[in-house]
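Below is one structure, written out as structure tokens; the observations come after it.
Residue numbers (the UniProt record's numbering): 1 to 414.
The structure is reproduced here in structure tokens:
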């Protein structure tokens, strides 16, 4: 759980958007930023069945997940989430903010967005502190559960299952942020490769493909957060990229449509899928867990026995996994040459964008936390020759990867 004063220090006078730019920096976006900071799935308002305003967070608290991740409290402490009613003189459209401190027993200081801070041209305003009356709040507030296992991991804004063993820093293609509550299906894939890296190479080599997870023996690798839409199934019917999670499984033998998977990979994948089902309220069945070939014209996931896989998911879901588990296979390790730079990335601009010209390169160094423009072609050639493991990624208006790299990893320009 993030300390309130640390959160306050980071966000004060800064603005955050968590719904794709709708109306700029709204109060709900500020609440969403607190959720992300605490590794909590973002809880939404309900514009279809309710008001769509902040008051939904309190009025639908028994069904929207608030009470799963927050304790309901009568007396507020610094860092508690306060929901304000529709009060014409204070919060006419309802409001959500974070309690900071008491003033006089009648008013308190509240930290939040869209309450008169630095304005966003698209609407709303940055985090600031304002004085608001307690009389405008609902009877109870919300406090992040102390010591509670939040069941997710937050990696630079990407929300993953807490079962992941690692995550990849690469920025894989996605169709932007989404509401986790929209996820209703899990699509099973086979990488048609023998390692995690083979899938990563395919995804970062210009191919518009990605998935939320890659499973290989005992490894579960987070690639695209569940709160983002991955390019994994291409479905156009009931099951689409937008309402599903893609789970890739690394093969142990390649033989076209008959390519297989190790028993441990299947076991680990089933455990992951069961955890996702429990957390997101998905009942495991052959209607909610499907092979890629059921959604799109493909042979994926090759020779996977999907009915048996789903039965394993059900066993973990019902907390009755089989006692016998296959012995872990020897983990493949990749030897890295002394001049192989795997913690850096070259970006090349395919068009003019954000002050960069078509053909410009920038070098990202994740270890040092820096990025810099590479001034000439000779320098680019030297970097590629000197660091044999470095990858090059193309940037365009449709895929502005540099923005997410720089912001997500907080890189400093040199």
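Cβ coordinates follow ideal geometry from the N, Cα and C atoms, glycine included.
Kindly list the residues whose CB is nearer than 8 Å to the CB of residue i, restricted to its own chain and excluding five residues on each side of it in sequence; keep chain order.
i, result
"residue 50", "56, 59, 60"
"residue 265", "215, 216, 217, 249, 250, 252"
"residue 149", "Note that residue 149 scores 49 on pLDDT, short of 50, meaning its location in the model is unreliable; the coordinates nonetheless yield the value given after this. Correct list, in chain order: 162."
"residue 300", "189, 190, 192, 291, 292, 293"
"residue 257", "299, 302, 303"
"residue 400", "353, 354"
"residue 380", "346, 361, 374"
"residue 286", "306, 307, 310"
"residue 405", "171, 345, 347, 364, 371, 411"
Using DSSP bridges, identify the partner residues of residue i.
i, result
"residue 392", "346"
"residue 23", "Beta-bridge pairing links residue 23 to no other residue."
"residue 195", "Per DSSP, none; premise fails for residue 195."
"residue 131", "109"
"residue 406", "In DSSP, residue 406 forms no bridge with anything."
"residue 84", "95, 137"
"residue 255", "257"
"residue 72", "142"
"residue 413", "371"
"residue 219", "216"
"residue 249", "190, 215"
"residue 356", "353"
"residue 177", "228"
"residue 119", "125"
"residue 210", "Answer is none; residue 210 lacks a bridge partner."
"residue 167", "222"
Mind checking which residues open and close the beta strand (DSSP E) that includes residue i?
i, result
"residue 361", "361-365"
"residue 161", "158-161"
"residue 240", "Unbroken run through residue 240: none, as it is neither H nor E."
"residue 186", "185-190"
"residue 68", "Careful: residue 68 lies outside any beta strand (DSSP E), inside the alpha helix (DSSP H) at 66-69."
"residue 289", "289-291"
"residue 370", "370-374"
"residue 96", "95-102"
"residue 214", "213-216"
"residue 143", "141-144"
"residue 155", "152-155"
"residue 229", "228-230"
Within the same chain, show all residues whose beta-carbon is closer than 7 Å to that of residue i, passing over the 5 residues directly before and after it, in chain order.
i, result
"residue 259", "190, 192, 251, 253, 302, 303"
"residue 338", "Since pLDDT at residue 338 reaches only 44, below the 50 mark, its modelled position is unreliable, and the value read off the structure follows with that caveat. Excluding sequence neighbours, residue 338 sits near nothing in its chain."
"residue 114", "25, 26, 27, 124, 125"
"residue 116", "125, 128, 130"
"residue 76", "82, 99, 141"
"residue 152", "39, 41, 159, 160, 161, 162"
"residue 109", "100, 101, 103, 129, 131"
With a cut-off of 8 Å on the beta carbons, I'd call residue i and residue j a contact; round off their distance for me.
i, j, result
"residue 63", "residue 52", "Contact doesn't hold; Cβ gap of about 16 Å is too wide."
"residue 242", "residue 226", "Their Cβ separation, rounded to whole angstroms, is 12 Å, which puts residue 242 and residue 226 out of contact at 8 Å."
"residue 111", "residue 129", "6 Å"
"residue 167", "residue 160", "7 Å"
"residue 277", "residue 247", "That pair is no contact at about 11 Å."
"residue 228", "residue 176", "7 Å"
"residue 43", "residue 65", "5 Å"
"residue 363", "residue 402", "No, residue 363 and residue 402 are not in contact; Cβ-Cβ is about 11 Å, not under 8 Å."
"residue 393", "residue 204", "6 Å"
"residue 196", "residue 210", "Not quite, the Cβ-Cβ distance comes to about 13 Å (not below 8 Å), so this is no contact."
"residue 154", "residue 11", "Incorrect: roughly 15 Å between the Cβ atoms, too far for contact."
The alpha helix (DSSP H) with residue i in it runs from where to where?
i, result
"residue 276", "263-280"
"residue 315", "306-317"
"residue 9", "4-11"
"residue 380", "377-386"
"residue 56", "56-59"
Say the cut is 7 Å; is the CB of residue i nearer than that to a heavy atom of the ligand FMN?
i, result
"residue 191", "In the structure on display, the ligand FMN does not appear, and there are no ligands present to speak of."
Residues in the same chain with beta-carbon distance under 6 Å from residue i, minus the five sequence neighbours each way, listed in chain order, please.
i, result
"residue 420", "Missing from the structure shown is residue 420; the chain here goes from 1 to 414 and no further."
"residue 91", "84, 136"
"residue 360", "349"
"residue 365", "344"
Closest Cβ-Cβ distance between residue i and chain D: below 8 Å?
i, result
"residue 260", "Chain labels in this structure do not include chain D; a single protein chain is all it has."
Spell out a yes or no on whether the region 16-31 and the region 104-124 are touching, meaning 3 or more CB-CB pairs, one atom from each, closer than 8 Å. yes
Between the region 290-300 and the region 226-235, do three or more beta carbon pairs fall short of 8 Å? yes
Across the region 128-148 and the region 63-83, are there enough close Cβ pairs to call them in contact, namely three or more that are closer than 8 Å? yes
Tell me, please, whether the region 355-373 touches the region 173-183 by the rule of three or more beta-carbon pairs shorter than 8 Å. no
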